[in-house]
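With full-length UniProt numbering applied, the sequence shown corresponds to residues 1 to 445, in that order. Just so you know, even glycine gets a beta-carbon here, dropped at the ideal spot from N, CA and C. In this text the structure is predicted, and so the values were computed from the model without any measurement. Here's the structure, in structure tokens; my notes come after.
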Amino acid sequence: MHLYTLRLFLFVSFFSHLNVLRFNSLGCFLFLQAGQYSMAPHLHTARKLFWILMNSLLRFTFMFVNNCVAIPSYCLYLLVLQPLRVVDAPTFWYIEGVMFRWLLAMVASWGWCAGYTVTEWGDDVRPMSEDEAMVIVNHQSTGDVCTLMMCLQDKGTVVRKMMWLMDHVFKYTNFGVVSLIHGDFFIRQGKAHREKQLVYLKDHLDKYYYSRDRKWIVLFPEGGFLRKRRETSQSFAKKKDLPYLTHVTLPRLGATEIILKTLGPQQENGILGTEGNPPGQSIKAKGLQWVIDMTIAYPNARPMDIQTWIFGYRDPTVTHVHYRTYPIKDVPVESEALTDWLYQRFVEKEKLLAHFYKTGSLMTIEFCFPRSVNIHPSTKTKLADKFSPCFLGLAGAFPPPDGQKALASRNMTLDNVWLLIVQTFAFASGYMWYSVLTHIYCWFF
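Below, the structure is given as structure tokens:
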């Protein structure tokens, strides 16, 4: 009897422990499954972060090597070609311009391969690629320069014949030596330097613009980045009863006026133009032919900086660029009228950008007076009143030209094969110059 009871007790205990074990195993399984589901978003984020870090590291390494082979090769080629500069300067600067364009194409390729593209709107500026022109651009970040380097690549000879006006800080970057050789002008900001810098700018234009066959001259009239100048500009606007701007700042007149007076012929009526030139006068003597107003718009008002172009951590982005052209004869040269005209351009930019950031498209703006503001209002008239729009309408992302109901966009594209050839030439040149310099070093040491 005792033996039977013992067996029954052991049998019941065995199955009881077995059920407990099965229950605990099922609980552990469910716990692990729940943990996997709760950890899934974190694992996805970790993988994405790891990919961004690795991609950024690889891109930075490539661009560092790219700069190390391309920029020294550019300098060494031009050093060897110095005798040609003495004998045939136009050919020398032609070769320099071609290599300068290739260097800018390399910078453009950094954004291109990361999915950063440009959609263009407005006037077609390609027919003006061989004309002298002043280009005014709104300035939001360091990425603006990269955007220009990309969108001007398919504009004929513009890139190799252009001249940049940029802050003197860029002189000390990796690209500074290239800009110095190319003949760009570095301007120092601040009241203490303003007058001297304008004199230096005039001398620079007289010395290099025509002698090196420059065509387009690019400047940022705001004089600095939007985030740095916005508060100062708005305070100045309140004091002087000027337009209150948020997405751009009030432009500075100095450099614009010097360029127009130095490079643009002046007629008797105070308007820049070319109609009064004697027959048979060369195109160079005519000076500037156009003013090209470029507006750069970034989605969601998030400008791309140079770090984004280098590391490529932002998702593929389309930057919108709008062109509006003005014949030089429509641009006033007298200081007060030129100030009004330039302010008008940036009030237009403000309206365009404000609507773009709000709706994803830009409004059509037509003002109640012609583009060429050659008027002198009384001092009691508010400048803002002159800029009140009399018509607003939607037309895609940017306003259409006169006589058209809609404006078609143009997707700026780069030739991948051509970019590959340029990069291959850069690395081959770097290897060649390394071999040459190594042999020279061995000869002497």
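For asparagine 416, the uninterrupted alpha helix (DSSP H) segment begins and ends at 416-444. Beta-bridge analysis with DSSP links arginine 324 to Asp293. Leucine 205 and lysine 239 have their C-alpha atoms some 34 Å from each other.
Annotation for alanine 114: no alpha helix (DSSP H) segment contains it, and DSSP assigns it neither H nor E.
Between valine 137 and methionine 412, the gap from beta carbon to beta carbon reaches 7 Å or more. With contacts defined as CB atoms closer than 7 Å, threonine 317 and tyrosine 116 qualify as a contacting pair. For the UniProt domain "Phospholipid/glycerol acyltransferase" (133-257), the full-length alpha helix (DSSP H) segments reaching 4 residues or more read 143-151, 176-182, 191-208 and 226-240 along the chain. Linking tryptophan 309 to glycine 111 through their CA atoms gives a straight-line distance of about 5 Å. In the displayed model, valine 69 falls within a helix according to three-state DSSP. For valine 107, the three-state secondary structure derived from DSSP is helix. With a beta-carbon spacing of about 6 Å, glycine 264 and isoleucine 328 fall inside the 8 Å limit used to define contacts.
A distance of 7 Å or more separates the beta carbons of methionine 166 and tryptophan 216. Listed in chain order, the non-local C-beta contacts of glutamine 197 below 7 Å within the same chain comprise Ile187 and Arg188, local neighbours out to five positions each way being set aside. Judged by their CB atoms, proline 251 and glutamate 222 are nearer to each other than the 7 Å cut-off.
Counting along the chain, no beta strand (DSSP E) covers arginine 126, and no H or E run does either. When DSSP states are grouped into helix, strand and coil, arginine 302 belongs to the coil group.
If you look at arginine 345, you'll find it isn't in any beta strand (DSSP E); it sits in the alpha helix (DSSP H) that goes 335-359. Per DSSP, arginine 410 lies in no alpha helix (DSSP H) segment; the continuous beta strand (DSSP E) that holds it begins and ends at 410-412. Here DSSP, grouped into helix, strand and coil, assigns proline 332 to strand.
Cβ contact annotation for leucine 342 (same chain, cutoff 7 Å, sequence separation greater than five): Pro221, Pro251, Leu253 and Thr256, in chain order. Judged by DSSP in its simplified three-state form, threonine 262 adopts helix. By the beta-carbon neighbour count (other beta carbons within 10 angstroms, threshold 16), phenylalanine 346 is buried. In the assembly as shown, threonine 45 is an exposed residue. Its beta-carbon has fewer than 16 other beta-carbons within 10 Å. For the pair proline 303 and glutamine 140, the CB atoms are nearer than the 7 Å cut-off. Contact annotation, isoleucine 258 with alanine 133: C-beta distance approximately 16 Å; criterion of less than 8 Å not satisfied. Here DSSP, grouped into helix, strand and coil, assigns threonine 319 to strand. The C-alpha of glutamine 234 lies about 8 Å from the C-alpha of threonine 246. Nearest to tyrosine 94 by alpha-carbon distance, out of Lys228, Leu81 and Ala105, is Leu81. The region 143-159 makes no contact with the region 73-90: fewer than 3 CB pairs, one atom from each, lie closer than 8 Å.
Sequence-distant partners of glutamate 336 (beyond 5 residues in either direction) whose C-beta falls short of 6 Å from its own C-beta are missing from its chain.
Restricting attention to Gln289, Phe311 and Ile306, the CA atom closest to the CA of aspartate 330 is found in Gln289. Burial is judged here by how many other beta carbons sit within 10 angstroms of a residue's own beta carbon; histidine 182 has at least 16 and is buried. Between aspartate 123 and threonine 325, the C-beta gap is smaller than 7 Å, which places the two residues in contact. In summary, tryptophan 418 is exposed, with fewer than 16 beta-carbon neighbours lying within 10 Å of its beta-carbon over all protein chains present. Looking at Ala105, Phe92, Thr147 and Met54, the one whose alpha-carbon comes closest to that of leucine 420 is Ala105.
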